[in-house]
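FYI, this note's numbering numbers position 90 of the sequence shown as 92, with every residue one higher than the one before it.
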Amino acid sequence: MPRILITAFEPFGGDSENASAEVLALVLDTVAARATALPAGVELVAEVLPVVFDGAAFERAVHRHAPDALLCLGEAGLRRIVTVERVAVNTMAARIPDNDCRRPHGAVIDPDGPESRTAGIDADAICAAFRSTGVEEVPSDDAGRFVCNATAYRAFGREVPSVFVHLPALRRSGAAGVGAETDAPGARRPERAASTHAELAAGVVAALGAISTELAPGVERG
3 MPRILITAFE PFGGDSENAS AEVLALVLDT VAARATALPA GVELVAEVLP VVFDGAAFER
63 AVHRHAPDAL LCLGEAGLRR IVTVERVAVN TMAARIPDND CRRPHGAVID PDGPESRTAG
123 IDADAICAAF RSTGVEEVPS DDAGRFVCNA TAYRAFGREV PSVFVHLPAL RRSGAAGVGA
183 ETDAPGARRP ERAASTHAEL AAGVVAALGA ISTELAPGVE RG
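Structure (structure tokens):
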């Protein structure tokens, strides 16, 4: 039975929400309520990770669940559409501290690792899955230098296929106070995201279906 581990992040920087965790909760509700949301035989496991550069929690989650594939979610404050990350770099840099009060400036993630790593899951297939539900998306080659990039770098170094998806930093009300760590200095916050939490969750479910198909070619969603 193929097992997919999906991860999201807790709030950080004094904010009370993180769009990735909010969307993950909706995804889990959908999968629990609708047996045909994923192909038959696919097991979905989930973890909400701390927003820290230390990768121990991520490594523990991978060890505990022993997944066949990884789908990692994060939020990007200045991106109004979904961005599917194809590349992660071996660099940590922070505009604000992580939740362990750590604020690196150009440190490496893995001293023995390559300068960059690429996603093991086809980003175009994940983009197509989001698009099939009406969610705007684009592939990206810049995951930033904050914790999302560090997690993507670690995920892309695993033996199992993986991909990282940045979601717009939606809030149930108001605007995110953080989340711009993925974007260039001076970038402007969009007036609104292109999708709702529910629409993003539908796109993530479709992405999980695409990953399931990649794990077991020929499997069809019910």
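Just so you know, even glycine gets a beta-carbon here, dropped at the ideal spot from N, CA and C.
Spatial neighbours of Val162 in its chain, beta-carbon cut-off 7 Å, leaving aside the 5 residues before and after: Numbered from 1 along the sequence shown, position 160 holds the residue referred to as residue 162. Pro69, Asp70, Ala71 and Leu72.
Span of the alpha helix (DSSP H) around Ser134: The residue you call residue 134 lines up with position 132 of the sequence shown. Ala125 to Ser134 is the span of the alpha helix (DSSP H), which, as asked, contains Ser134.
Range of the contiguous alpha helix (DSSP H) that encloses Ser22: In the sequence shown, residue 22 corresponds to position 20, counting from 1. From DSSP, the alpha helix (DSSP H) with Ser22 extends over Ala21 to Ala35.
For Cys103, the first and last residue of its enclosing beta strand (DSSP E): Sequence index remark: in the sequence shown, residue 103 carries index 101 (1-based). Per DSSP, Cys103 belongs to no beta strand (DSSP E) and is neither H nor E.
Start and end residues, beta strand (DSSP E) containing Arg119: Numbered from 1 along the sequence shown, position 117 holds the residue referred to as residue 119. Taken as a continuous stretch (DSSP letters only), the beta strand (DSSP E) holding Arg119 covers Ser118 to Thr120.
Which listed residue (Asp17, Pro52, Ala208 and Asp143) has its alpha carbon closest to that of Val33: Translated into the one-based positions of the sequence shown, residue 33 becomes position 31. Selected option, being the one with the closest Cα: Ala208.
The region 201-216 contacting the region 103-120, beta-carbon criterion three pairs below 8 Å: no
Beta-carbon proximity check, Phe166 vs Ala145, cutoff 8 Å: Stepping through the sequence shown from its first residue, residue 166 is reached at position 164. Stepping through the sequence shown from its first residue, residue 145 is reached at position 143. Result yes, Cβ atoms of Phe166 and Ala145 sit closer than 8 Å.
Ala37 to Gly211 span [Cα, whole Å]: On the sequence shown, position 35 is the one that residue 37 refers to. On the sequence shown, position 209 is the one that residue 211 refers to. Distance between the alpha carbons of Ala37 and Gly211 is about 13 Å.
Top-ranked residue by Cα proximity to Arg119, from Val47, Ser164, Arg81 and Ile83: As a position in the sequence shown, residue 119 is number 117, starting the count at 1. Looking at the Cα atoms, Ser164 is the closest of the given residues.
Continuous alpha helix (DSSP H) stretch holding Thr215: start and end: Position 213 of the sequence shown, counting from 1, holds the residue named residue 215. Counting along the chain, the alpha helix (DSSP H) containing Thr215 begins and ends at His199 to Leu217.
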